[in-house]
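There are 2 protein chains.
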Amino acid sequence: MKIQTRMMIKMKDKYNQLLDLYKEIQVVGQIGMLLGWDTEVLMPKGGIIQRSEQQGYVARLNHKLGTNPTIGELLRELKESEDYDKLSEVEKRNIHLIQKDYDKVTKLPEEFVVEYTKTSVMATEAWKKARAENNFVVFQPHLEKVFEMTKKYANYINPETPPYEVLLDDFEPGMSSEKYTEIFNPLKEATFELIRKCRDAPNQPNTSLINRKVPLDVQDKISKDLASLIDFNLEKGRIDVSTHPFTTGDYDDVRITTRYMEEDFTSSFFSVMHEGGHGCYDQNQAEKFRYQPIGNYCSLGLHESQSRFYENTLGRSKSFWFYYLDRFKELTGDIFSDVQYEEFIRAINAVEPSFIRVEADEVTYNLHIILRFEIERDLFAGKIEIKDLPQVWKDKMKEMLGIEVEKDSDGVLQDIHWSGGTFGYFPTYSLGNIYAAQFFNKLTEDIPDWNIKLESGDVSSILTWMKTNVQEKGNLYDAPELVKVVTGEYPTPKYLIDFLNKKYSVLYGI
Amino acid sequence: MKIQTRMMIKMKDKYNQLLDLYKEIQVVGQIGMLLGWDTEVLMPKGGIIQRSEQQGYVARLNHKLGTNPTIGELLRELKESEDYDKLSEVEKRNIHLIQKDYDKVTKLPEEFVVEYTKTSVMATEAWKKARAENNFVVFQPHLEKVFEMTKKYANYINPETPPYEVLLDDFEPGMSSEKYTEIFNPLKEATFELIRKCRDAPNQPNTSLINRKVPLDVQDKISKDLASLIDFNLEKGRIDVSTHPFTTGDYDDVRITTRYMEEDFTSSFFSVMHEGGHGCYDQNQAEKFRYQPIGNYCSLGLHESQSRFYENTLGRSKSFWFYYLDRFKELTGDIFSDVQYEEFIRAINAVEPSFIRVEADEVTYNLHIILRFEIERDLFAGKIEIKDLPQVWKDKMKEMLGIEVEKDSDGVLQDIHWSGGTFGYFPTYSLGNIYAAQFFNKLTEDIPDWNIKLESGDVSSILTWMKTNVQEKGNLYDAPELVKVVTGEYPTPKYLIDFLNKKYSVLYGI
Numbered sequence: 000m001k002i003q004t005r006m007m008i009k010m011k012d013k014y015n016q017l018l019d020l021y022k023e024i025q026v027v028g029q030i031g032m033l034l035g036w037d038t039e040v041l042m043p044k045g046g047i048i049q050r051s052e053q054q055g056y057v058a059r060l061n062h063k064l065g066t067n068p069t070i071g072e073l074l075r076e077l078k079e080s081e082d083y084d085k086l087s088e089v090e091k092r093n094i095h096l097i098q099k100d101y102d103k104v105t106k107l108p109e110e111f112v113v114e115y116t117k118t119s120v121m122a123t124e125a126w127k128k129a130r131a132e133n134n135f136v137v138f139q140p141h142l143e144k145v146f147e148m149t150k151k152y153a154n155y156i157n158p159e160t161p162p163y164e165v166l167l168d169d170f171e172p173g174m175s176s177e178k179y180t181e182i183f184n185p186l187k188e189a190t191f192e193l194i195r196k197c198r199d200a201p202n203q204p205n206t207s208l209i210n211r212k213v214p215l216d217v218q219d220k221i222s223k224d225l226a227s228l229i230d231f232n233l234e235k236g237r238i239d240v241s242t243h244p245f246t247t248g249d250y251d252d253v254r255i256t257t258r259y260m261e262e263d264f265t266s267s268f269f270s271v272m273h274e275g276g277h278g279c280y281d282q283n284q285a286e287k288f289r290y291q292p293i294g295n296y297c298s299l300g301l302h303e304s305q306s307r308f309y310e311n312t313l314g315r316s317k318s319f320w321f322y323y324l325d326r327f328k329e330l331t332g333d334i335f336s337d338v339q340y341e342e343f344i345r346a347i348n349a350v351e352p353s354f355i356r357v358e359a360d361e362v363t364y365n366l367h368i369i370l371r372f373e374i375e376r377d378l379f380a381g382k383i384e385i386k387d388l389p390q391v392w393k394d395k396m397k398e399m400l401g402i403e404v405e406k407d408s409d410g411v412l413q414d415i416h417w418s419g420g421t422f423g424y425f426p427t428y429s430l431g432n433i434y435a436a437q438f439f440n441k442l443t444e445d446i447p448d449w450n451i452k453l454e455s456g457d458v459s460s461i462l463t464w465m466k467t468n469v470q471e472k473g474n475l476y477d478a479p480e481l482v483k484v485v486t487g488e489y490p491t492p493k494y495l496i497d498f499l500n501k502k503y504s505v506l507y508g509i
Numbered sequence: 000m001k002i003q004t005r006m007m008i009k010m011k012d013k014y015n016q017l018l019d020l021y022k023e024i025q026v027v028g029q030i031g032m033l034l035g036w037d038t039e040v041l042m043p044k045g046g047i048i049q050r051s052e053q054q055g056y057v058a059r060l061n062h063k064l065g066t067n068p069t070i071g072e073l074l075r076e077l078k079e080s081e082d083y084d085k086l087s088e089v090e091k092r093n094i095h096l097i098q099k100d101y102d103k104v105t106k107l108p109e110e111f112v113v114e115y116t117k118t119s120v121m122a123t124e125a126w127k128k129a130r131a132e133n134n135f136v137v138f139q140p141h142l143e144k145v146f147e148m149t150k151k152y153a154n155y156i157n158p159e160t161p162p163y164e165v166l167l168d169d170f171e172p173g174m175s176s177e178k179y180t181e182i183f184n185p186l187k188e189a190t191f192e193l194i195r196k197c198r199d200a201p202n203q204p205n206t207s208l209i210n211r212k213v214p215l216d217v218q219d220k221i222s223k224d225l226a227s228l229i230d231f232n233l234e235k236g237r238i239d240v241s242t243h244p245f246t247t248g249d250y251d252d253v254r255i256t257t258r259y260m261e262e263d264f265t266s267s268f269f270s271v272m273h274e275g276g277h278g279c280y281d282q283n284q285a286e287k288f289r290y291q292p293i294g295n296y297c298s299l300g301l302h303e304s305q306s307r308f309y310e311n312t313l314g315r316s317k318s319f320w321f322y323y324l325d326r327f328k329e330l331t332g333d334i335f336s337d338v339q340y341e342e343f344i345r346a347i348n349a350v351e352p353s354f355i356r357v358e359a360d361e362v363t364y365n366l367h368i369i370l371r372f373e374i375e376r377d378l379f380a381g382k383i384e385i386k387d388l389p390q391v392w393k394d395k396m397k398e399m400l401g402i403e404v405e406k407d408s409d410g411v412l413q414d415i416h417w418s419g420g421t422f423g424y425f426p427t428y429s430l431g432n433i434y435a436a437q438f439f440n441k442l443t444e445d446i447p448d449w450n451i452k453l454e455s456g457d458v459s460s461i462l463t464w465m466k467t468n469v470q471e472k473g474n475l476y477d478a479p480e481l482v483k484v485v486t487g488e489y490p491t492p493k494y495l496i497d498f499l500n501k502k503y504s505v506l507y508g509i
């Protein structure tokens with residue numbers, strides 16, 4: 000008995016040592032995030048070379064800390080210990096997550112990582128040029144190289160599984176192309192149908208009111224108002240401006256960015272809601288799990304579910320604007336004083352097939368994602384080649400969204416992702432929408448009068464539900480499991496389909 | 000012959016390896032500086048605990064890199080090599096500086112560093128409280144501890160030399176209390192005399208015009224105008240706002256801060272000139288020496304000479320304002336339109352004994368420093384004790400500046416320095432003034448018509464002189480040597496005394 004206790008203590012020591020090593024990695028990660036934030040937001044232009052030295056150093060340090068053999072030894076000793084089963088589920092989850100990271104990072108030879116990084120950096124430069132010149136040929140050889148190396152990457156991680164499956168699971172643990180297909184096919188069909196109906200509706204929204212000039216200082220005031228509304232804590236975070244909106248940091252120092260366009264207030268408005276959703280997720284991680292693997296976000300798809308929930312489910316809802324429109328009018332002086340509630344809601348929710356993913360509305364957005372997923376799947380299956388991409392893209396856009404891509408810069412060249420080797424990432428965006436709708440369905444069960452609350456300006460009931468049920472759970476479960484824990488069901492597209500059908504039936508009177 | 004060449008190559012390899020290790024330390028130092036800057040300038044309040052973990056990590060990393068035994072081995076091998084003498088003077092200087100850092104950092108036991116840091120942090124907290132409550136007793140026991148540990152620190156660095164001498168040399172290599180006394184005594188006497196004359200002059204300046212309200216956005220515009228005027232490159236730097244103005248960063252990313260007071264434009268104006276001087280020194284380090292020890296600032300005194308030169312020698316000069324007053328009036332709208340050149344110059348140069356060092360004018364400032372130097376010297380000599388400090392301070396203020404300190408918060412408690420153990424630092428501030436005046440004397444020899452140039456808005460001749468002769472020389476020499484190289488003489492107070500006497504004779508008509 001005494002001996003066993005001593006062994007147990009020894010195991011706890013090892014467990015704590017492991018968590019200390021993990022914390023160190025996370026602290027260095029935070030430092031890296033600050034460097035990245037500063038680079039995007041306010042670093043003087045001339046500082047870029049110096050900064051890349053600093054970032055390179057942090058990256059090497061992170062790799063060194065992540066591959067520290069002591070981590071491997073501790074993991075092995077813990078798992079081989081007789082007392083392993085006495086650890087709690089939470090402790091085992093932490094060990095599991097550290098093991099996963101460790102396996103992944105130690106499987107990649109350092110020379111490969113260096114080479115892969117270099118190739119991606121060059122490919123990204125080529126992509127920028129190609130997009131600016133609307134010339135895919137400039138990008139093609141680089142993309143071919145990146146594609147080959149990405150397959151190699153997947154083989155290092157798991158040589159027994161087809162590369163695309165490895166990548167999908169890498170970005171969203173538990174997912175596969177089969178599961179995505181199961182989810183995306185019904186979503187695709189339903190979306191086709193809904194777009195058709197919206198298009199044919201006699202009463203089309205008037206989107207011109209979106210383009211009324213709103214001075215930037217007014218938009219800035221709105222950003223702060225929204226932050227306060229959604230409980231993005233500015234004592235533990237910041238809102239700044241950058242070329243592309245993003246979120247970074249964690250816990251008590253989370254920073255979101257937006258961009259202001261004088262003649263399109265929605266750009267910043269929904270960026271703040273979107274990034275604010277990411278930001279709240281990061282701020283709301285459970286205090287007691289801090290600096291543990293479980294005290295971090297669950298998955299990319301889950302992170303996106305939060306941003307999409309704040310941006311769309313909440314921010315583009317009728318109930319929200321029933322309350323907020325008056326406040327919005329107050330904040331914008333007399334710019335929108337003549338605008339009617341119905342007309343406003345319809346304008347910010349207009350459905351319109353378009354070329355650019357990041358500008359797509361809530362309905363057509365998923366088709367942009369499914370298109371990319373199908374192309375990636377066929378590419379990895381060898382059914383198409385890199386050189387075919389521009390034409391495949393055009394064909395699919397015609398088929399799925401009914402529009403003719405005339406310039407590759409508005410087509411296959413629009414996203415940065417592939418140039419960096421991030422194949423298999425796009426599907427997590429739609430997964431975010433799916434999770435969000437599924438959470439929302441459960442939320443309406445738990446708080447049946449959510450809309451009455453929201454209409455009277457009570458956002459906090461909804462936010463508290465999300466915080467308690469989802470955000471504070473951090474990485475206790477893989478995303479599909481978490482969705483099941485929260486909603487009682489594994490991820491399914493049916494709630495998103497229902498949600499969109501209902502919402503747009505009302506909006507378009509169809 | 001062949002063998003020797005091969006040995007020479009081997010030595011070069013070692014030398015380069017040493018420089019690589021040094022560069023790594025500097026890069027980590029830059030990262031630490033960014034963390035510090037962010038903390039002071041824009042970090043959300045709530046992020047402080049997270050930030051201190053990050054800064055603690057960087058501090059430990061820096062200590063680890065600085066005490067890397069490989070550095071010691073390389074240094075030894077290089078110095079023992081037969082080819083050592085074939086190295087250039089510049090290479091030897093780099094080796095010398097690395098050796099100095101290495102010796103210092105390896106002499107301090109890690110537990111001592113940890114203990115010393117903790118003690119200082121607690122003493123600084125106690126100092127804040129004591130100052131706020133105007134109660135020295137709160138601070139006294141902490142200061143006693145810090146004082147004892149500082150003596151211990153000095154003993155670790157060099158057990159054969161009296162502690163205060165070690166500290167003086169630590170902050171300003173080559174300096175000693177004897178040398179300071181030699182320099183400060185004549186400066187003190189001359190300053191007494193000058194203050195007396197100014198006080199007795201019948202025509203006293205009207206300082207009220209300084210307190211005219213200048214809106215903060217106008218002051219901000221002035222900051223940018225000054226940056227451009229003094230060639231502080233905003234493509235390689237920033238100006239922000241913080242509670243206490245400071246400068247941080249190096250090379251292509253140098254950041255200065257200021258603070259704006261609506262009813263005292265001089266606060267920000269001369270902060271920007273002062274920090275801008277520091278900033279230009281950091282930006283103007285020679286490209287070819289980057290990331291080498293010699294490619295950094297020479298000493299604290301030398302750094303201060305640059306800030307003082309920009310702030311006072313240039314920024315409070317008649318010639319500068321002959322040109323700039325019109326521009327200033329233009330930038331400030333009609334706030335100063337009725338102000339005469341002579342009256343303005345006299346107002347910003349008013350001599351007035353006062354309690355607070357950082358608010359002191361150009362003449363009385365040095366007495367604040369000499370007072371601190373004399374107290375430190377007597378403290379380390381055992382002539383006075385910590386508990387006597389408040390009274391000693393009052394007596395000295397009365398004796399030197401002729402004013403009665405009524406509150407310790409305006410007396411012995413005003414500066415943060417001692418709470419952090421930085422005894423021996425203050426003298427470098429006056430040294431800065433002395434170096435600046437000595438450089439300026441040489442500059443007037445080299446550019447006899449500097450004032451005509453400056454009056455017509457040509458600041459660049461002066462700046463180029465300073466850049467070429469001083470700033471680009473980085474840390475090629477210890478400060479006293481550099482002063483000799485530039486001016487032909489070792490540091491002497493006579494040029495500062497002459498400068499002040501001449502300047503104030505004209506201003507006060509004495």
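The listed protein sequences correspond, in order, to chains S and Y. Residue 0 is where the first sequence starts when you use numbering that gives the first Met the number 0, and the numbers rise one by one after that. Residue 0 is where the second sequence starts when you use numbering that gives the first Met the number 0, and the numbers rise one by one after that. A virtual CB, placed ideally from N, CA and C, is assigned to each residue, including glycine.
- Query: In terms of alpha-carbon separation, which member of S:N348, S:Y280 and S:G248 lies closest to I229 (chain S)?
  - Reply: The shortest C-alpha separation from I229 (chain S) is found at S:Y280.
- Would you say M0 (chain Y) reaches chain S, if we count a Cβ-Cβ gap shorter than 9 Å as a contact? Caution is warranted here: a pLDDT of 48 is assigned to M0 (chain Y), below 50, making its placement in the model unreliable, and the coordinate value is therefore given only provisionally. Answer no: the Cβ-Cβ gap between M0 (chain Y) and chain S never drops below 9 Å.
- Item | T421 (chain S), DSSP secondary structure in three states | Residue state, collapsed to three classes: coil.
- Does any heavy atom of the ligand NAD sit closer than 8 Å to the C-beta of V89 (chain Y)? Within the structure as shown, the ligand NAD is missing, as the structure has no ligands at all.
- Task: Counting only the same chain and skipping the five closest in sequence on each side, list residues whose C-beta sits under 8 Å from that of L186 (chain S).
- Result: Hits under 8 Å: N365, I369, S429, I433, P492, L495 and I496.
- Task: In the DSSP assignment, find the unbroken alpha helix (DSSP H) run with R59 (chain Y) in it and report its ends.
- Result: Unbroken alpha helix (DSSP H) run through R59 (chain Y): I47 to G65.
- Query: Which stretch, first to last residue, makes up the alpha helix (DSSP H) that contains R198 (chain S)?
  - Reply: Here the alpha helix (DSSP H) through R198 (chain S) covers S176 to D199.
- Out of curiosity, what's the CA-to-CA distance linking Y56 (chain S) and L33 (chain S)? Whole-angstrom Cα-Cα distance: 14 Å.
- Query: Counting pairs of beta carbons, one from the region 177-186 of chain S and one from the region 443-454 of chain S, are three or more of them closer than 8 Å?
  - Reply: With a cut-off of 8 Å, the region 443-454 of chain S and the region 177-186 of chain S do not count as touching, because too few Cβ pairs lie within range.
- Taking M42 (chain S) as the query, report the chain Y residues whose CB atoms sit under 8 Å from its CB, ordered along the chain. By Cβ distance, chain Y contributes D252.
- T256 (chain S) in three-state terms, based on DSSP: In the three-state reduction of the DSSP assignment, T256 (chain S) falls in the strand class, which pools E and B.
- Task: Take W464 (chain Y) and list the residues in its own chain whose beta-carbon comes closer than 7 Å to its own, dropping the five residues that flank it on each side.
- Result: Cβ neighbours of W464 (chain Y) beyond the five flanking positions: L442, D445 and I446.
- Interface residues of chain S facing D281 (chain Y) [CB-CB closer than 7 Å]: Among the residues of chain S, none has a CB under 7 Å from the CB of D281 (chain Y); the nearest is roughly 12 Å distant.
- Query: For the 8 Å Cβ check, are there 3 or more pairs between the region 400-412 of chain Y and the region 462-482 of chain Y?
  - Reply: A contact between stretches requires three or more CB pairs, one per stretch, nearer than 8 Å, and the region 400-412 of chain Y fails this requirement with the region 462-482 of chain Y.
- So is Y56 (chain Y) in contact with chain S if we call contact Cβ pairs under 9 Å? So yes, Y56 (chain Y) belongs to the interface.
- Task: Note the first and the last residue of the continuous beta strand (DSSP E) segment covering I238 (chain S).
- Result: I238 (chain S) -> beta strand (DSSP E) spans G236 to V240.
- First and last residue of the uninterrupted beta strand (DSSP E) at D249 (chain S): Element bounds for D249 (chain S): T246 to D249.
- Query: What is the C-beta distance between L107 (chain Y) and A122 (chain Y), in whole angstroms, given that I count them as a contact (C-beta under 8 Å)?
  - Reply: Not quite, the Cβ-Cβ distance comes to about 18 Å (not below 8 Å), so this is no contact.
- Message: Among the candidates Y:G278, Y:V253, Y:E234 and Y:Y83, whose CA atom is the shortest distance from the CA of G45 (chain S)?
- Response: Closest option to G45 (chain S), judged by alpha-carbon separation, among Y:G278, Y:V253, Y:E234 and Y:Y83: Y:E234.
- Message: Rounding to the nearest angstrom, what Cα-Cα distance links L481 (chain Y) and E286 (chain S) in this structure?
- Response: Straight-line Cα distance between these residues: approximately 54 Å.
- Task: Taking 8 Å as the threshold, find out whether the region 127-141 of chain Y comes into contact with the region 380-392 of chain Y through three or more Cβ pairs.
- Result: As far as the Cβ criterion goes, the region 127-141 of chain Y touches the region 380-392 of chain Y, which means the pair count is three or higher.
- What are the residues of the region 23-36 of chain Y that lie near chain S, defined by any Cβ-Cβ distance shorter than 8 Å? Against chain S - using a Cβ distance shorter than 8 Å - the residues of the region 23-36 of chain Y are E23, V26, V27, Q29, I30, L33 and L34.
- Contacts that L233 (chain S) makes with chain Y (C-beta to C-beta distance below 8 Å): Simply P43.
- Taking I293 (chain S) as the reference, which of S:D100, S:S504, S:P43 and S:Q49 has the closest Cα? Ranking the options by Cα distance to I293 (chain S), first place goes to S:D100.
- Message: Just to confirm the assignment: which complete beta strand (DSSP E) runs, minimum length 3, are found wholly within the region 80-160 of chain Y?
- Response: As far as the region 80-160 of chain Y is concerned, it has no whole beta strand (DSSP E) run of at least 3 residues.
- List the residues of chain Y whose Cβ lies closer than 7 Å to the Cβ of E52 (chain S), in chain order. In chain order: V26.
- Task: Flag this pair as yes or no: are the beta carbons of T118 (chain S) and G423 (chain S) separated by less than 9 Å?
- Result: At least 9 Å separates the beta-carbon of T118 (chain S) from that of G423 (chain S).
- Inter-residue Cα distance where the pair is F553 (chain S) and A346 (chain S): The displayed coordinates of chain S run from 0 to 509. Any statement about residue 553 (chain S) would go beyond what the structure contains.
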